[in-house]
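Quick note, the sequence shown lines up with residues 18 to 523 if you use this note's numbering.
Backbone N, C-alpha and C fix where the C-beta goes; we use that ideal spot for every residue, glycine too.
Taking it in order: structure first as structure tokens, then the write-up.
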Amino acid sequence: MASPDNPTQPEASGRRRFTSVRRQIDRITMINRVHAALRSTLNVDDLHSIILTSIISRSALGFSRALLAAYDETTNSFRGIAALGARNRAEHDRLQKEVAAEERSIAEMMRHLDGLDATAEEQSLLRNSMDELTQHSFWITIYQKFGANSELLDAWKKIELFCPRPSGDGDARSGMEFVGQLIEKPGSQMIPREALEKSDLPAELIELLPGASVWSIIRTNKGPRLAVIADRCHQREKLDELDLLHMDWFVGQVALALENAEMVKDLEEAYNDIRALDQLKSNFLATISHELRTPLTAITGYVQLMLGNKIGELSPGQREVLERILAHSDLLTGKVNDVIEIAELESQQARRVQLHPVDPLNVLMHTLPRLEHRRAHKAITIEPEVTAPVPEVMATAITLERIYFHLIDNAIKFGKVEGYVKVRFERDGKDLRLSIIDHGIGIAPAQIEPIFDLFYQVDSNLTRHYQGMGIGLAIVKKQLDQTGGRIQVSSQIGHGSTFTIIYPVA
Ligand code: ADP
18 MASPDNPTQP EASGRRRFTS VRRQIDRITM INRVHAALRS TLNVDDLHSI ILTSIISRSA
78 LGFSRALLAA YDETTNSFRG IAALGARNRA EHDRLQKEVA AEERSIAEMM RHLDGLDATA
138 EEQSLLRNSM DELTQHSFWI TIYQKFGANS ELLDAWKKIE LFCPRPSGDG DARSGMEFVG
198 QLIEKPGSQM IPREALEKSD LPAELIELLP GASVWSIIRT NKGPRLAVIA DRCHQREKLD
258 ELDLLHMDWF VGQVALALEN AEMVKDLEEA YNDIRALDQL KSNFLATISH ELRTPLTAIT
318 GYVQLMLGNK IGELSPGQRE VLERILAHSD LLTGKVNDVI EIAELESQQA RRVQLHPVDP
378 LNVLMHTLPR LEHRRAHKAI TIEPEVTAPV PEVMATAITL ERIYFHLIDN AIKFGKVEGY
438 VKVRFERDGK DLRLSIIDHG IGIAPAQIEP IFDLFYQVDS NLTRHYQGMG IGLAIVKKQL
498 DQTGGRIQVS SQIGHGSTFT IIYPVA
């Protein structure tokens, strides 16, 4: 290990050995602290602050000053962004003393914990939170008092260090050769003052560094990210091999933390993009369906006029055709209304609606006529199964009607050509369970969860047997979410399905 002192003086070397052991112990504490601090955030700006603090903290890497430059892909250069360190040696010593005093007062508080009138559990909680405090957040906050003297920060922010281009097109900007060598060699490098003076670095930067300095480039898997410079210009101790070793370890840890932070940022961006796209889809659906509803209402209205003989007498053939047009228009109107409904439900997501007592049997009787034409080609009977008085539930009549409509509509659609759909009411403690039971095609266990997703259909081939848009169950789910209801599904392929909705009894 490089030592500037003369090794022939025995007392001096004894003292040095002692400080060096102390330094080793301090550094192990430092490793723990830096580790905890770097793990404590996934925010890139916070990481920058932790990097600077760790470099100058007496109980971490212990340098005098830290300079941080960020890589800019568009200009292929590093630009000074932040710095931490005192103005001069006197200020450095004063601030370090203040920090030491604060650390001592925390240690004092720790000692008093034992004397507190606290239970064993409280003692352990107190101790944990104090440990937490001394481990990272505390020393980072108190080191912020160093700030950076404004001249240093202003000068540093003006500096831009260009990286050589991979094509090596003969473009030679100030600092390019130096940065090129730095990037090529792995690890941190100690640069003596003379080497700085001989380099092609800009004069303003050389002026900022009065002594030797340690330089490191921090990369993630996306390429270079940060350049870090640290020195000991306000300390008697000179830079040594141990500093270089620590810096190497430190920048390795920072690279990992940055990589994680970048990953989280990428995920956040991707998530926001998806949300924006989802919003676009909802807006599109709402607009297009509103646009479709107006002409559809006109078509239905005119057909009804003609069927009412308001335009003139109709032949039996004409009447039959118009009745078919009306049936298809109704079907189309139903689908357009479904799309409008889901678009509206999606736009008012977290809203809770006002609940009141609702008679589920009564609502069912109101819903059934709307389902009449759905079972037109099928000989399916819908049977309410009532063995005891059906209590009122806390819901809304409109919500319950829509839920019945979509569930019974599916039960008819996916049910047998001949058969029945049962609607069972069962009291279960404070809840009422309303089950819609069919004996149709059934659903495989793995498909039960996704059927509630918007546009999901078990058979989504264009040649599929059953018509539909995959909207009904998404509406059911959203309506239940808004009114505090739940749903359970049990099903067996080829035997049928039971959709049970659960509401609290009023
Ligand atoms: P749609 O019925 O318009 O396709 P839904 O959202 O109502 O849309 O249902 C989604 C999918 O769930 C259906 O396409 C179907 O595959 C399945 N499904 C729903 N209800 C039943 C049921 N009672 N029996 C069998 N499969 C069902």
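Check: Burial state of A189, where buried means 16 or more other Cβ atoms lie within 10 Å; Outcome: exposed
Check: Distance between beta carbons of V440 and I399, contact taken as under 8 Å; Outcome: 7 Å
Check: Given S233 as reference, the closest of K239, K255, I223, E201 once Cα atoms are compared; Outcome: E201
Check: Proximity test, L348 beta-carbon vs the ligand ADP heavy atom, cut-off 7 Å; Outcome: no
Check: Buried or exposed (CB count within 10 angstroms, at least 16 for buried), I429; Outcome: buried
Check: Best match in T136, E258, A77, V51 for proximity to P209 [C-alpha to C-alpha]; Outcome: E258
Check: Closest Cα partner of K282 within the set T58, K255, K495, K494; Outcome: T58
Check: Cβ pair count under 8 Å reaching 3, the segment 66 to 77 against the segment 87 to 97; Outcome: no
Check: Distance between beta carbons of S452 and T517, contact taken as under 8 Å; Outcome: 4 Å
Check: Through-space distance from S508 to I328, alpha-carbon basis; Outcome: 51 Å
Check: Under 8 Å between C-beta atoms of L381 and Y421; Outcome: yes
Check: Straight-line gap, Q270 to F80 (C-alpha atoms, nearest Å); Outcome: 18 Å
Check: Nearest-angstrom Cα separation, counted from A172 out to R75; Outcome: 25 Å
Check: Y473: CB within 7 Å of a non-hydrogen atom of the ligand ADP; Outcome: yes
Check: In DSSP terms, what I453 is bridged to; Outcome: V440, F516
Check: Beta-carbon contacts of M193 that lie in its chain and below 6 Å, excluding the five residues immediately before and after; Outcome: F179, P181
Check: Of the listed residues F469, L449, A103, T515, nearest to K495 (C-alpha basis); Outcome: F469
Check: Cβ-Cβ distance between H456 and G485 below 8 Å; Outcome: no
Check: Identity of the residues DSSP links to D283 by a beta bridge; Outcome: For D283, which the question treats as bridged, DSSP gives no partner whatsoever.
Check: DSSP-derived helix/strand/coil call for R336; Outcome: helix
Check: The segment 202 to 221 contacting the segment 248 to 264, beta-carbon criterion three pairs below 8 Å; Outcome: yes
Check: Proximity to Q321 [Cα-Cα], best of H307, H345, I67; Outcome: H345
Check: heavy atom of the ligand ADP below 7 Å from N60 C-beta; Outcome: no
Check: C-beta contact flag for E276 and T237 at 8 Å; Outcome: yes
Check: Inter-residue spacing [alpha-carbon to alpha-carbon] between P521 and Q464; Outcome: 28 Å
Check: Enclosing alpha helix (DSSP H) for A491 [first to last residue]; Outcome: 489 to 500
Check: Y421, enclosing alpha helix (DSSP H) - first and last residue; Outcome: 414 to 430
Check: Bridge partners - D448, DSSP secondary structure assignment; Outcome: D445, P521
Check: Alpha-carbon spacing of G513 relative to G334, whole angstroms; Outcome: 40 Å
Check: beta-carbon S331 near the ligand ADP non-hydrogen atom, thresh 7 Å; Outcome: Checking the sequence, you will find Leu at residue 331 rather than Ser. Outside the cutoff, so no.
Check: Per DSSP, the bridge partner or partners of E177; Outcome: R96
Check: 3 or more residues per run - each beta strand (DSSP E) lying fully within the segment 191 to 272; Outcome: 206 to 208, 230 to 237, 240 to 248
Check: The ligand ADP heavy atom lying under 7 Å from the CB of N427; Outcome: yes
Check: Identity of the residues DSSP links to D89 by a beta bridge; Outcome: S94
Check: Proximity test, A491 beta-carbon vs the ligand ADP heavy atom, cut-off 7 Å; Outcome: yes
Check: Any non-hydrogen atom of the ligand ADP closer than 7 Å to K447 Cβ; Outcome: no
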